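If you want the working numbering, it's the position in the sequence shown, counting the first as 1, plus 18.
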Amino acid sequence: MLPESPPLQNSPRKSKAFVAVNCAALTETLLESELFGHEKGAFTGALVQKKGRLEIADGGTLFLDEIGEMSQLLQAKLLRVLQEREYERVGGTRTLKVDIRLITATNRDLEEAIRQGTFRRDLYYRLNVVSISMPALRERREDIPLLASYFVQKYSDRCNRRVTGISTEARARLTNYDWPGNVRELENAIERAIVLGTTEMILLEDLPEAALETAAPASGGVAKYHETVTEAKKQLILKAVEQAGGNYTEAAKLLGVHPNYLHRLIRNMNLRPELKK
19 MLPESPPLQN SPRKSKAFVA VNCAALTETL LESELFGHEK GAFTGALVQK
69 KGRLEIADGG TLFLDEIGEM SQLLQAKLLR VLQEREYERV GGTRTLKVDI
119 RLITATNRDL EEAIRQGTFR RDLYYRLNVV SISMPALRER REDIPLLASY
169 FVQKYSDRCN RRVTGISTEA RARLTNYDWP GNVRELENAI ERAIVLGTTE
219 MILLEDLPEA ALETAAPASG GVAKYHETVT EAKKQLILKA VEQAGGNYTE
269 AAKLLGVHPN YLHRLIRNMN LRPELKK
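1. Please identify the residue among 33, 93, 117 whose C-alpha is closest to the C-alpha of residue 104.
2. Check each candidate in 125, 77, 275, 129 and name the one with the smallest Cα separation from residue 215.
3. Beta-carbon within less than 7 Å of residue 98's beta-carbon, same chain only, minus the 5 sequence neighbours each way: which residues are those?
4. In chain order, what residues of the same chain have a beta carbon less than 7 Å from the beta carbon of residue 297, not counting five sequence neighbours either side?
5. Output needed for residue 85: all residues of its chain with C-beta closer than 6 Å, excluding positions within five of it in sequence on either side, in chain order.
6. I'd like to confirm something about residue 122: is its beta-carbon nearer than 7 Å to some heavy atom of the ligand PLP, or not?
7. Residue 83 bridges to which residues according to DSSP?
8. How big is the Cα-Cα spacing for residue 77 and residue 113?
9. By how many angstroms is the C-alpha of residue 253 removed from the C-alpha of residue 246?
10. Counting only the same chain and skipping the five closest in sequence on each side, list residues whose C-beta sits under 7 Å from that of residue 163.
11. Compare the beta carbon distance of residue 191 and residue 145 with 8 Å and say whether it is the shorter of the two.
12. Is there contact between the segment 172-184 and the segment 131-149, where contact requires at least three CB pairs shorter than 8 Å?
13. List the residues that DSSP assigns as beta-bridge partners of residue 114.
14. Exposed or buried, residue 33, counting other C-beta atoms within 10 Å across all chains shown (16 or more means buried)?
15. Runs of 4 residues minimum, wholly inside the segment 174-212: which ones carry the alpha helix (DSSP H) assignment?
16. Determine the contact status of residue 207 and residue 222, defining contact as a CB-CB distance below 8 Å.
17. Let me make sure I understand the geometry here. Which of 175, 154, 251 has the alpha-carbon closest to that of residue 301?
18. For residue 69, name the three-state secondary structure that DSSP assigns.
19. Looking at the structure shown, is residue 276 part of a helix, part of a strand, or coil, going by DSSP?
20. Run the CB neighbour count on residue 61, radius 10 Å, all protein chains shown included, and call it buried at 16 or more, exposed below.
21. Helix, strand or coil for residue 220 per DSSP?
22. Return the first residue and the last residue of the alpha helix (DSSP H) that residue 47 is part of.
23. Is there contact between the segment 66-81 and the segment 43-56, where contact requires at least three CB pairs shorter than 8 Å?
24. The alpha helix (DSSP H) that contains residue 157, what's its start and end?
25. Taking DSSP as the reference, what is the three-state secondary structure of residue 20?
26. By alpha-carbon positions, which one of 143, 212, 119, 120 ends up nearest to residue 128?
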């Protein structure tokens, strides 16, 4: 939502401050101090005066992420800023003027929140001058492989691990999963796979359990291929554990994989009951 916002690329604010705040990451008290600042002695621990994000963003842009999580008290204070372009620091009496462009984002249905009484109708209409709706990730599945590849590059560089890509099985499962947490959940899944994985490819077994519980659709031939590969993996693991006398570390050596990876394979392929026979 972009209240009173000219096209961003032509805005004189584009070279000014851009300040972001995640409303879901802070308690009401902390968020109030973060946004509006506070005076020295305003509360226990307020040893010095602190500028708020509104003051820092003056002349530029303030981005409030997850605004649907903001309390009713802070919604009222924000509404005053939008209407009057003024506010006071926490514990202060001096009125400060502010000139900002405000951008907000949320993954909640704010109209439903209004009906439930958790979001102010007047603030909603004040914010909703220009609204951009981003469909859920499950509604744009064609974006999932591209995003996943981007996150592979990002986190392989960050973790200093050589990961060249995603296996066909894992890619199909990623695409078929509904991702209730949208892009953030996908990013977390890829980061986790890179941190915990031991090969140069992200494999099906590296994915979170929620994604593994979703069966990927496939044609008869492809499904038969995947079933055959999975069954071959199971037999290799069972044989290695048997030869190692039940010692998973030795079995991992026989298979040429890290013991942690073998444990994950056994768990994800539900092999423990068979290994106990």
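The beta-carbon is built from N, C-alpha and C at its ideal position, and this holds for glycine as well.
Here the structure is a predicted model, which is why all the values come from computation and not from measurement.
In short, the structure shows the following:
1. 117
2. 275
3. 105
4. Within the shown structure, residues of the chain are numbered from 19 to 295, placing residue 297 beyond reach of any answer.
5. 41, 122, 124
6. Looking at this structure, you won't find the ligand PLP or any other ligand, since it has none at all.
7. Residue pairing by DSSP places residue 83 opposite 40, 123 in a beta bridge.
8. Cα-Cα distance, rounded: 17 Å.
9. 11 Å
10. 189, 193
11. no
12. no
13. 105
14. By the Cβ-count criterion, residue 33 is exposed, with fewer than 16 other Cβ atoms from all chains shown falling within 10 Å of its own Cβ.
15. Annotation: the segment 174-212 contains the following complete segments of the alpha helix (DSSP H) (minimum length 4 residues), in chain order: 186-194.
16. no
17. What is shown of the chain runs 19 to 295, which leaves residue 301 out entirely.
18. Correct three-state label for residue 69: coil.
19. coil
20. Burial is judged here by how many other beta carbons sit within 10 angstroms of a residue's own beta carbon; residue 61 has fewer than 16 and is exposed.
21. strand
22. 46-54
23. Cβ pair count under 8 Å is three or more, so yes.
24. Element bounds for residue 157: n/a, residue is neither H nor E.
25. Low per-residue confidence applies at residue 20: pLDDT is 48, beneath 50, and the placement is therefore not dependable, though the value from the model is reported in the following sentence. In this structure, residue 20 counts as coil in the three-state DSSP scheme.
26. 143
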